[in-house]
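Heads up, my numbering is the position in the sequence shown plus 18, with the first residue counted as 1.
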Amino acid sequence: MAKERPIILATRGSALALAQTHAILDQCRAAFPRLEFEIKIIKTTGDKLQTASLARPKENLPKGLFTKELEVALVKGQADLAVHSLKDLPVDLPSGLVLGAVSKRADARDVLIYRDAEWLAAEASKPQVEEWSPGHSQRRGFKAGMTLADLPQGITLATSSARRQAQVRARRPDFKLVELRGNVVTRLEKLANRAELDAIILAAAGMERLHFHVDAHGRLLGDAVPDGLLAVKLGLDEMVPCPGQAAIGIEVRAGDERAAAICQRLNHYNTWQAVTAERAFLKAMGGGCHSAVAAYAEVQGDHLHMRAVAEVGGKMQRVEARGSLREPEALGQLLAAELSGK
Numbered sequence: 019m020a021k022e023r024p025i026i027l028a029t030r031g032s033a034l035a036l037a038q039t040h041a042i043l044d045q046c047r048a049a050f051p052r053l054e055f056e057i058k059i060i061k062t063t064g065d066k067l068q069t070a071s072l073a074r075p076k077e078n079l080p081k082g083l084f085t086k087e088l089e090v091a092l093v094k095g096q097a098d099l100a101v102h103s104l105k106d107l108p109v110d111l112p113s114g115l116v117l118g119a120v121s122k123r124a125d126a127r128d129v130l131i132y133r134d135a136e137w138l139a140a141e142a143s144k145p146q147v148e149e150w151s152p153g154h155s156q157r158r159g160f161k162a163g164m165t166l167a168d169l170p171q172g173i174t175l176a177t178s179s180a181r182r183q184a185q186v187r188a189r190r191p192d193f194k195l196v197e198l199r200g201n202v203v204t205r206l207e208k209l210a211n212r213a214e215l216d217a218i219i220l221a222a223a224g225m226e227r228l229h230f231h232v233d234a235h236g237r238l239l240g241d242a243v244p245d246g247l248l249a250v251k252l253g254l255d256e257m258v259p260c261p262g263q264a265a266i267g268i269e270v271r272a273g274d275e276r277a278a279a280i281c282q283r284l285n286h287y288n289t290w291q292a293v294t295a296e297r298a299f300l301k302a303m304g305g306g307c308h309s310a311v312a313a314y315a316e317v318q319g320d321h322l323h324m325r326a327v328a329e330v331g332g333k334m335q336r337v338e339a340r341g342s343l344r345e346p347e348a349l350g351q352l353l354a355a356e357l358s359g360k
């Protein structure tokens, strides 16, 4: 009798994508010790378009920028489970594919990162190897614990997220906003070394999955983290996350009974209900993962509490509401209707 082939998990090849996929792989092997699982790395359009703007959706970026090639592998039977950052997965999936499960959500907050003023001062007191030259600019640093409201006037903040840019612009119109692409470590290195950048914003969940952490003094630590960086987590009222942020989504073929059985064991119910509300809101607003729309739902007893923001008429509008835990889509649609009516 022929041996049944391994179950293939498709993923992007970035360090973060692989960290997420290995976490799902560990869960699969723990739940189904008699089954074989393998990882298949696939390069997506988003991996190839490193210079494309993610903050200007009017440039008509391809749908499924970070997911399409993984979905093709599913459709062709070259993979059985596609592992995504759920925030990257469009709300409308290709025919024949479904969202099978979501992992327990990690920390959904965003993190503000900037250079440490005290560290820079200490470095400046050391003998300099490089001589000053015309056009040389000095890197600026700030104190630990500073949030968006505390940073000085006119700093340059880098983020490629339309959602983050819109919320920062609403709170700090004096900031200069620029785009920044690359993996997490690349972005941190650019911040550490480029004087024209003062701060960046990254997702807490992604950093934690790469084993980065913030110590009691606000210092950002971890393998490959440049020296002299500080970080502070932004409150949910200060920066509402992207729908699905910090959750891992597992996409499968509709009707695949083996994949469905695996997903049933992997799925985290409370996270599923919360992100269902968020994705219903996103769909009702007509947005995608690169639009200036944000939503976050959390379980409170047998209810969901949800907050959302979106640009309406050129202004950032905020709404929040509570709804039944058993009717997440209705809650998402309700908030979308409220925002659309403003």
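Glycine included, each C-beta is placed from N, C-alpha and C at the ideal position.
Note that the structure is a prediction, hence the values are computed from the model and not measured.
Inspect the beta-carbon positions of residue i and residue j and report whether they are closer than 8 Å.
i: alanine 313; j: phenylalanine 299; result: yes
i: serine 179; j: arginine 199; result: no
i: leucine 228; j: alanine 37; result: yes
i: alanine 126; j: glutamine 318; result: no
i: glutamine 291; j: leucine 352; result: no
i: glycine 163; j: valine 250; result: yes
i: alanine 48; j: alanine 124; result: no
i: leucine 238; j: leucine 252; result: no
i: threonine 8; j: alanine 265; result: The structure shown does not extend to residue 8, since the chain is modelled only from 19 through 360, so no value can be given for it.
i: alanine 28; j: alanine 91; result: yes
i: glutamate 87; j: isoleucine 59; result: no
i: serine 121; j: histidine 286; result: yes
i: arginine 205; j: leucine 166; result: no
Excluding the 5 residues flanking residue i on each side, which residues of the same chain have their C-beta closer than 7 Å to its C-beta?
i: leucine 53; result: Ile25
i: serine 32; result: Asn201
i: alanine 272; result: Gly114, Leu115 and Val116
i: cysteine 281; result: Gly118, Ala119, Ile268 and Val270
i: leucine 104; result: Val120, Gly262, Ala265, Ile266, Gly267 and Val293
Closest to residue i by C-alpha separation, out of the options, would be which residue?
i: glycine 118; options: Arg283, Leu248 and Val327; result: Arg283
i: glutamine 335; options: Arg23, Ala188 and Asp168; result: Ala188
i: arginine 158; options: Ala97, Val101 and Ala210; result: Ala210
i: isoleucine 57; options: Thr63, Ala139, Ile42 and Pro346; result: Ile42
i: glycine 359; options: Val311, Met303 and Glu316; result: Met303
i: glutamine 96; options: Arg23, Glu338, Val232 and Glu345; result: Arg23
i: arginine 276; options: Lys301, Phe55, Tyr132 and Thr29; result: Phe55
i: glycine 350; options: Gln156, Lys333 and Arg325; result: Arg325
i: alanine 310; options: Asp274, Pro261, Arg30 and Tyr287; result: Pro261
i: alanine 315; options: Gly305, Lys333, Val330 and Glu345; result: Glu345
i: alanine 242; options: Ala328, Asp233, Glu207 and Gly305; result: Glu207
i: alanine 339; options: Leu322, His40 and Glu347; result: Leu322
i: aspartate 362; options: Glu136, Asp192 and Ser155; result: No answer is possible for residue 362: the residues shown for the chain start at 19 and end at 360.
i: valine 327; options: Pro170, Ala348, Glu347 and Gly305; result: Gly305
i: glutamate 136; options: Lys333, Gly240, His235 and Asp255; result: His235
Does the distance between the C-beta of residue i and the nearest non-hydrogen atom of the ligand HEM fall short of 7 Å?
i: serine 113; result: As presented, the structure is devoid of all ligands, the ligand HEM included, so that no description of it is given.
Going by DSSP, what residue range makes up the alpha helix (DSSP H) through residue i?
i: glutamine 183; result: 180 to 189
i: lysine 301; result: 287 to 302
i: threonine 39; result: 33 to 49
i: leucine 130; result: Here leucine 130 belongs to no alpha helix (DSSP H); instead the beta strand (DSSP E) covers 128 to 133.
i: alanine 91; result: 86 to 93
i: alanine 198; result: Just to set this straight, residue 198 is leucine in the shown sequence, not alanine. Per DSSP, leucine 198 belongs to no alpha helix (DSSP H) and is neither H nor E.
i: valine 203; result: 202 to 211
i: glycine 350; result: 346 to 358
i: glutamate 275; result: 275 to 284
What are the boundary residues of the beta strand (DSSP E) that residue i is part of?
i: threonine 174; result: 174 to 176
i: alanine 328; result: 321 to 330
i: isoleucine 25; result: 25 to 29
i: histidine 102; result: 99 to 103
i: valine 243; result: Where valine 243 is concerned, there is no enclosing beta strand (DSSP E), given that its DSSP letter is neither H nor E.
i: leucine 115; result: 115 to 120
Taking DSSP's pairing of strands, which residues face residue i in a bridge?
i: methionine 225; result: Its beta-bridge partners do not exist; DSSP assigns none.
i: glutamate 56; result: Ile26
i: glutamate 316; result: His323
i: serine 342; result: His321
i: histidine 231; result: Leu239
i: glutamine 171; result: Paired residue(s): none; glutamine 171 is not in a bridge.
Among the residues of its own chain, which have a CB less than 6 Å from the CB of residue i, if the five just before and after it don't count?
i: glutamine 185; result: Met257
i: arginine 181; result: Cys260, Ala310 and Ala312
i: aspartate 320; result: Leu343
i: isoleucine 219; result: Asp128, Leu130, Thr177 and Arg182
i: valine 203; result: Ala242
i: aspartate 98; result: Ile25, Ile26 and Ala277
Using C-beta distances below 8 Å, list every residue in its chain close to residue i, excluding the 5 sequence neighbours before and after it, in chain order.
i: threonine 85; result: Thr62, Ala100, His102, Asp106, Leu107, Pro108 and Glu269
i: glutamine 183; result: Ala73, Thr177, Leu195 and Ala310
i: arginine 133; result: Arg157, Arg158, Gly159, Phe160, Leu209, Ala210, Asp216, Gly246, Leu247 and Leu248
i: leucine 111; result: Glu89, Leu117 and Glu269
i: phenylalanine 50; result: Ile280 and Arg283
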